[in-house]
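Numbering (this note's numbering), first residue to last: 937 to 1112. Glycine included, each C-beta is placed from N, C-alpha and C at the ideal position. Given the structure is predicted, the values throughout are model-derived calculations rather than measurements.
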């Protein structure tokens, strides 16, 4: 849970009173103008077997993070909002062709059906929630029309993210 989420929860529980937000949109940072880096490209079509170098690149450099944010802001139906808590961002490539973006973040505090399915008590949930990772954003760019690509990317991400998560956050997620 992020500090912001904790403060908002304490306010909703009547424990504290927070000042009004300085900005009407909270901490959402959306690019004012889009760059040519995210401009529409020529269509990429075919089947998954036509892609020879499908890979995920972990976003570590600032310029890649700016590109990830811009792609999500420009093309994802939910737009860009910062992921809270532990998180990982990837750009999806085939060779040098950018195909999309995917991001993982800390799981939501309470999801009734999930919590009921797992069968944990509130104390168990609080102790183990960090072991659940949420696929917060998944975007294949609008000009990418490749059969079976989404399934391939999700499978690749599920395998790759495990080790990257351990290296960055020092624990292995058990549920995605």
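Practice item. Can you have a look at residue 967 and say buried or exposed, based on whether 16 or more other CB atoms are within 10 angstroms of its CB? Key: Here the question's residue 967 lines up with position 31 in the chain shown. Because residue 967 carries a pLDDT of 47, less than 50, the predicted location of this residue cannot be relied on, and no value is offered for it.
Exercise for review: Can you give me the Cβ contacts of residue 1015 inside the same chain, cut-off strictly under 6 Å, excluding the 5 residues immediately before and after it?
Suggested key: Residue mapping note: residue 1015 aligns to position 79 of the chain shown, counting from 1. The residues are 1009.
Check your understanding: How big is the Cα-Cα spacing for residue 981 and residue 1056?
Key -> Counting from one through the chain shown, the residue named residue 981 turns up at place 45. Counting from one through the chain shown, the residue named residue 1056 turns up at place 120. So the alpha carbons of these two residues sit roughly 45 Å apart.
Exercise for review: Leaving out five residues on either side along the sequence, give the residues of the same chain with a beta carbon under 7 Å from the beta carbon of residue 939.
Suggested key: Stepping through the chain shown from its first residue, residue 939 is reached at position 3. Around residue 939: no qualifying Cβ.
**Study point:** Neighbour-count burial assignment, residue 1109, 16 or more Cβ in a 10 Å radius
**Key:** For this step, residue 1109 is matched to residue 173 along the chain shown. Its Cβ being crowded by 16 or more others within 10 Å, residue 1109 is buried.
Check your understanding: Mind checking residue 978: buried by the 16 CB within 10 Å criterion, or exposed?
Key -> Here the question's residue 978 lines up with position 42 in the chain shown. Exposed, because fewer than 16 other Cβ atoms sit within 10 Å of the Cβ of residue 978.
Review point. Given a threshold of 16 other Cβ atoms within 10 Å of its Cβ, counted over all protein chains shown, does residue 1048 qualify as buried or as exposed?
Key: On the chain shown, position 112 is the one that residue 1048 refers to. Exposed: under 16 other Cβ atoms inside 10 Å.
**Study point:** Secondary structure of residue 1064, DSSP reduced to three states
**Key:** For this step, residue 1064 is matched to residue 128 along the chain shown. Residue state, collapsed to three classes: helix.
Check your understanding: Name the DSSP beta bridge partners of residue 994, please?
Key -> Walking along the chain shown from the start, residue 994 turns up at place 58. Paired residue(s): 1026.
**Study point:** For residue 983, the three-state DSSP class (helix, strand or coil)
**Key:** The residue you call residue 983 lines up with position 47 of the chain shown. Residue state, collapsed to three classes: strand.
Check your understanding: Got a sec: is the Cβ-Cβ distance from residue 1033 to anything in chain C below 9 Å?
Key -> Here there is only one protein chain, and chain C is not present.
Exercise for review: For residue 956, count neighbouring C-beta atoms within 10 Å of its own C-beta (all shown protein chains included) and say buried if the count is 16 or more, exposed if not.
Suggested key: Position 20 of the chain shown, counting from 1, holds the residue named residue 956. Classification of residue 956: exposed, given that the 10 Å Cβ count is below 16.
Check your understanding: With distances taken from CA atoms, which of 999, 991 and 1060 is nearest residue 1031?
Key -> As a first step, residue 1031 is located in the chain shown; it is residue number 95 there, counting from the start. Checked all of 999, 991 and 1060; the closest Cα to residue 1031 is 991.
Review point. Residue 1026: buried (16+ other C-beta within 10 angstroms of its C-beta) or exposed?
Key: Sequence index remark: in the chain shown, residue 1026 carries index 90 (1-based). Looking at its Cβ environment, which holds 16 or more other Cβ atoms inside 10 Å, residue 1026 is buried.
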